[in-house]
Every structure is written in structure tokens, then in C-alpha cells.
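Per the numbering used here, the very first residue in the sequence shown carries number 19; after that it's consecutive. Okay, structure first, notes after.
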Amino acid sequence: MKYLFAVAFLILFVSCKENAPKPLTAQEIVDKAIEASGGELYKNHSTGFAFRGKTYHSKNENGKIVLDRISATDSITIRDVKNGNDYERYINDSLVAVPDSMAVRYANSVNSVHYFARLPYGLNDGAVNKELLGKETIGGKEYYKVKVTFDQQGGGDDFDDTYLYWFDIETFKADYLAYDFHVNGGGQRFRKAYNERYVNGIRFVDYENYKAKNVDSDILEIGQLYNKGELELLSKVELTNIQVD
């Protein structure tokens, strides 16, 4: 009798193990996050928004995403355009020459604002490496914690930065992100998403922008530093006048 019970238990155990859902990979989590935030709409819809006194636009031209930023005063309109790896500046619709060092700075600035506004869409770019670090609880809620690094080839000037994303285990929306950086003395940032809204099917959020008080702290521990109240609020990142066509 004991032998039959043991055999039955073993069969049940093996059956349950075979039928158990496979753990999600980092790639699968990111794919679900992109789908939850707009999916294919990112590819075929143009977007526009205002941020800190400037307006930003992105559009698909012949399969390539073109990004721009427009700064306007009473007499001067400056338009910075990033088209793939190319950058151009126009002043009152006239193309002007920009020193290489400044062109890189302007292009990176334009790209950075668009990058955060379009997240998590950019996480499937070719130079992105994704690693699932497991689950972590922030603010009393459980998240998938994904680490993102970049290849030097195609990873931009800041390829050596490390990013972290926390995806809701049920909705797959990115509620938090963090990154370290090495320019201008370096540092760490932690962002909490709020004011979620969908415009024609694409998700937009604003962020509370925090910094680590200790520049030597481990970026992988920054979520727990937030839980302990050991981060300092620097600013808020707010998008207005959002348009999706």
C-alpha cells in the first residue's frame, strides 16, 4: 500500500512539475511591457509633447525614427533634428554649422528626452542587453527587476551606463527605473512613474526624479534605498501638450 501511495505521489509530483508555467525571461517581460504601453503603435504613430519650455516630436520616416526639439523665442526658432546617427540644427529654418563637440551634446540631449518619454519601447534596440535579476518589492508591491546594459557598438556615448527597470508582475508596466552615469562627475538617479495616461493607445507617465545621497552606493541596491527613504528628491519630469497622430 505504501509503495502504491509513493508511486502515485511521484507521478502527481512529476505531472505538476511538467505543467508548471515556465519562468518568464527578461526578453519576454520587456516584450509584454512594450505591448502594455503601446506596442506597434510606437512604430507607425507620430508623437509630440512639451517639456521644460521646449517642444519635442518623433515620427517615422521611411522606416527610420526622426527626433526633433524646438526652442522658440520672440525672434528665433531653433530646431535640433536627430535622424539616426545624423544631427542637424536649424535656426529660423536655415541649416547652420555646429562644432562636432556641441553637436554630440545637443544630439544626446534630444535623444535622452525622447528615450525616457518613449519607454519601454527602446529596450528592444539592437545594442541593449537585458538580464532578469529576480523579483523585488518596492513601496509594498512586487516587481520583476531587470538590468539593462549596452554594447559599445551602437550603444551611444553613454554605453557604459547601467539601467534598472521594475515591471509590475501583473500589468508589466514599468513603475520605477534607475540608472548610473559617468559624465559630469557621475551619479545615480531613481525615477518613480506617476500621472499615467494613454493618448491614442500609447502610455505616457511623469516621473519623480531622485538621487542617491551617497555617490558610492551600489546601483543594484537603489530600490531598497528608496524604500528606506534614503534618496533625495531632485525634480519632477513632467510632459504636457501630448499629441499622438
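Beta carbons are placed, not taken as given, at the ideal position from N, Cα and C, and that holds for glycine.
- If only uninterrupted alpha helix (DSSP H) runs of at least 4 residues are considered, those enclosed by the segment 188 to 250 are 240 to 245.
- Within the DSSP secondary-structure output, VAL146 pairs in a beta bridge with PHE168.
- Counting along the chain, ARG107 sits inside the beta strand (DSSP E) bounded by residues 104 to 109.
- DSSP lists ARG87, ARG107 as the beta-bridge partner residues of ASP98.
- Excluding five sequence positions before and after GLN261, the CB atoms of its chain that fall closer than 6 Å to its own CB belong to GLY66, given in chain order.
- Per the coordinates, the alpha-carbon of HIS200 lies some 8 Å from the alpha-carbon of ASP178.
- Under the three-state reduction of DSSP, ALA135 is assigned to helix.
- Taking 8 Å as the upper bound for CB-CB distance, ILE47 and LEU150 are in contact here, some 7 Å apart.
- In this structure, the CA atom of GLU250 is about 32 Å from the CA atom of ASP49.
- In this structure, DSSP gives ALA115 a state outside helix and strand, which the three-state scheme calls coil.
- Taken through DSSP and simplified to helix, strand or coil, LYS40 comes out as coil.
- Ranking LEU85, LYS82, LEU137, ASN232 by CA distance to the CA of ILE220 puts LEU137 first.
- With respect to THR167, THR180 sits close: the two C-beta atoms are nearer than 7 Å.
- For ALA135, the number of other beta carbons within 10 angstroms of its own is at least 16, and it is reported as buried.
- In the displayed model, ASN80 falls within coil according to three-state DSSP, outside both helix and strand.
- Across the structure, LYS231 and ALA211 are spaced so that their CA atoms are roughly 20 Å apart.
- DSSP links VAL262 through a beta bridge to THR65.
- Counting the other Cβ atoms within 10 Å of the Cβ of GLN242 gives fewer than 16, which makes it exposed.
- Cβ contact annotation for LYS77 (same chain, cutoff 6 Å, sequence separation greater than five): SER64, VAL84, in chain order.
- Non-local C-beta neighbours of ASN227 in its own chain, meaning closer than 7 Å and more than five positions away in sequence, comprise ARG207, ARG209, LEU252, SER253, LYS254, VAL255, ordered along the chain.
- If you draw a 10 Å sphere on the C-beta of LYS100, you find 16 or more other C-beta atoms in it, and that means buried.
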